[in-house]
Amino acid sequence: MQLGMHTYSLYHHGVAEDWAGFKLPWKRQITLFEMMDYIVELGLEGLHLDAKAFDEMNEGYFERVKQYAASQNLYLEYNFAMKSGHYDSSVQHGIEEGVAIAQSIGADITKIGMNLKRPRPVAASKFHPDVMSQLEKVVAKVKQALAFVEKTGIKLALENHTDAFSEEVIWVLDQINHPLVGACIDTVNGIHVTENPITAVENLAPRAFTNHFRDNKIIIAPWG
């Protein structure tokens, strides 16, 4: 297993997606190439990045990123979310577009967030009809992109993001049933849908291509 770091770990440096509408009040503090140097200094083996980490969005720049990562012997994992009309649109792509970027920077795996909207109460919304209609669309979009994915050989890892139960991710994988389509486990995301994180890990581990390990601290505050 290789150990890397996600650019979201450097959120305050201005290199990660804006979450819940919050924007940093200062300018970006570090370039992607400086980030890769930092990863090497830490003794890590790779970088998980999304489009907010890029200083530019063009093929020439992507090639420079690919070559620099290779020169530092770093793997890259490209992360993106499916287009949804909500959250941070700058990190959202169609599947073929996201896979093409991954190929351009030399990544062999993409982590994909499904960007689901859930009815409330969230705890009672597993496989809710409103969610199922969205999951069916995810299945259709992935299947439509499979011919292109097969040409690249890049793996798709669907994440149990803050909007999905692990069993829903498994349902999607079962419908697609393709060796290049698996899961990404985030070790804490289950909490956001009131799922036991241990259960989520146990469910997704046999299907996982990549993992996002992190820790959260729950703090009682006046607003909840």
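Numbering of the sequence shown is given in the working numbering, commencing with residue 4 and proceeding in unit increments.
Just so it is clear, CB atoms sit at the ideal spot from N, CA and C, and this is done for glycine as well.
In this model, VAL43 and LEU13 are separated by some 15 Å (Cα to Cα). The Cβ neighbour count for ASP177, taken over all protein chains shown within 10 Å, is under 16; the residue is labelled exposed. The Cβ-Cβ distance between VAL94 and VAL141 does not fall below 8 Å. Only exposed fits THR197, as fewer than 16 other CB atoms lie within 10 angstroms of its CB. Of all alpha-carbon atoms in SER128, PHE130, GLU48, ILE104, the one lying nearest the alpha-carbon of ALA73 is that of GLU48.
Under the three-state reduction of DSSP, GLY101 is assigned to helix. Counting along the chain, LYS146 sits inside the alpha helix (DSSP H) bounded by residues 132-155. Non-local beta-carbon contacts of SER169 in its own chain, meaning distances under 6 Å to residues more than five positions away in sequence, involve ASN163, ALA203, ASN206, LEU207 in chain order. In the three-state reduction of the DSSP assignment, HIS9 falls in the strand class, which pools E and B. The Cβ neighbour count for ASN76, taken over all protein chains shown within 10 Å, is under 16; the residue is labelled exposed. Under the three-state reduction of DSSP output, LYS55 falls in the helix class.
Annotation: ILE115 to LYS86 spans about 11 Å, alpha carbon to alpha carbon. For ALA84, the uninterrupted beta strand (DSSP E) segment begins and ends at 78-85. Residue state for ILE223 is assigned as coil, using DSSP reduced to three classes. Under the three-state reduction of DSSP, VAL184 is assigned to strand.
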